[in-house]
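Number 541 in this note's numbering belongs to position 38 of the sequence shown; there are no gaps in the numbering.
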Amino acid sequence: MKYIENAKCVTSIFPQDLNGTTPVNGTGVDVGGCAFVRARVVVGAITNAATELIVQESDDNSTWSSTAVATFTNPGSGSDNTERIAFIPCQGVRKKYLRIRVTGGASATLIWGGFDLIPIDASPNTATEYGVAEVVYA
504 MKYIENAKCV TSIFPQDLNG TTPVNGTGVD VGGCAFVRAR VVVGAITNAA TELIVQESDD
564 NSTWSSTAVA TFTNPGSGSD NTERIAFIPC QGVRKKYLRI RVTGGASATL IWGGFDLIPI
624 DASPNTATEY GVAEVVYA
């Protein structure tokens with residue numbers, strides 16, 4: 504099986520400008536039925552270092568663990584236009600939902616965060632099942 508071809512891509516934090524130090528909590532993503540998840544965070548222009556960039560988990564998509572599942576190095580000066588990834592196993596050890604949480608620095612930081620859900624045995628075959636607008640096969 505080619506796992507990445509069967510992955511579903513889901514956005515947790517849509518592209519946005521974090522301006523200030525209020526935490527941004529991404530949308531929770533159901534990871535039930537996944538063998539593993541690849542968390543992806545893309546940082547655009549950054550003025551001041553982020554103070555937190557983590558993946559959290561939850562049983563019910565409302566109460567989130569205070570202990571990070573994955574902790575990224577906080578992007579700072581010189582981190583413009585970079586991507587960070589974390590591979591997270593899911594079978595038997597994870598709660599049902601994951602989300603990305605980021606706290607920006609004192610001024611502008613452009614960021615996007617999402618997950619590639621790698622299924623145990625299911626294979627999405629439509630754009631909707633992949634979680635995207637269009638799927639093109641070359």
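Every residue, glycine too, gets a C-beta built ideally from N, C-alpha and C.
For residue 523, tell me which candidate among 610, 637, 619, 615 has the shortest Cα-Cα distance. Residue 610 is the option with its Cα nearest to residue 523.
Just to confirm the assignment: which complete beta strand (DSSP E) runs, minimum length 3, are found wholly within the stretch 528 to 612? Secondary structure in the stretch 528 to 612: the beta strand (DSSP E) runs of 3 residues or longer, each lying completely within the stretch, are 537 to 549, 555 to 561, 585 to 592, 600 to 606 in chain order.
State the Cα-Cα distance for the pair residue 634 and residue 608, rounded to the nearest angstrom. So the alpha carbons of these two residues sit roughly 31 Å apart.
Is residue 514 helix, strand or coil when you go by DSSP? Residue state, collapsed to three classes: strand.
Please name the residue in 510, 603, 637 whose C-alpha comes closest to that of residue 561. Looking at 510, 603, 637, the one whose alpha-carbon comes closest to that of residue 561 is 603.
What residue from 558, 549, 569 has the CA that sits closest to residue 592's CA? For the residues 558, 549, 569, the minimum Cα distance to residue 592 belongs to 558.
In terms of DSSP beta bridges, what is residue 617 paired with? Per DSSP, the beta-bridge partners of residue 617 are 514, 543.
Please return the same chain residues whose Cβ sits closer than 7 Å to the Cβ of residue 606, not counting the five positions on each side in sequence. Here residue 606 has 524, 526, 553, 554, 555 as same chain residues with Cβ atoms under 7 Å from its own Cβ, once five neighbours each way along the sequence are excluded.
Based on Cα-Cα distance, which residue from 530, 517, 521 lies nearest to residue 564? It is 530.
Would residue 636 and residue 588 be called neighbours here (beta carbons separated by less than 8 Å)? It is not a contact, given that the beta carbons lie outside the stated cut-off.
Do residue 520 and residue 549 have their beta-carbon atoms positioned less than 8 Å apart in this structure? Residue 520 sits away from residue 549, with the two beta carbons spaced by 8 Å or more.
Residue 599 versus residue 568 - alpha carbon distance: C-alpha of residue 599 to C-alpha of residue 568: approximately 12 Å in a straight line.
Does the separation of the CB atoms of residue 546 and residue 601 fall below 8 Å? In this structure, residue 546 keeps its C-beta atom at 8 Å or more from the C-beta atom of residue 601.
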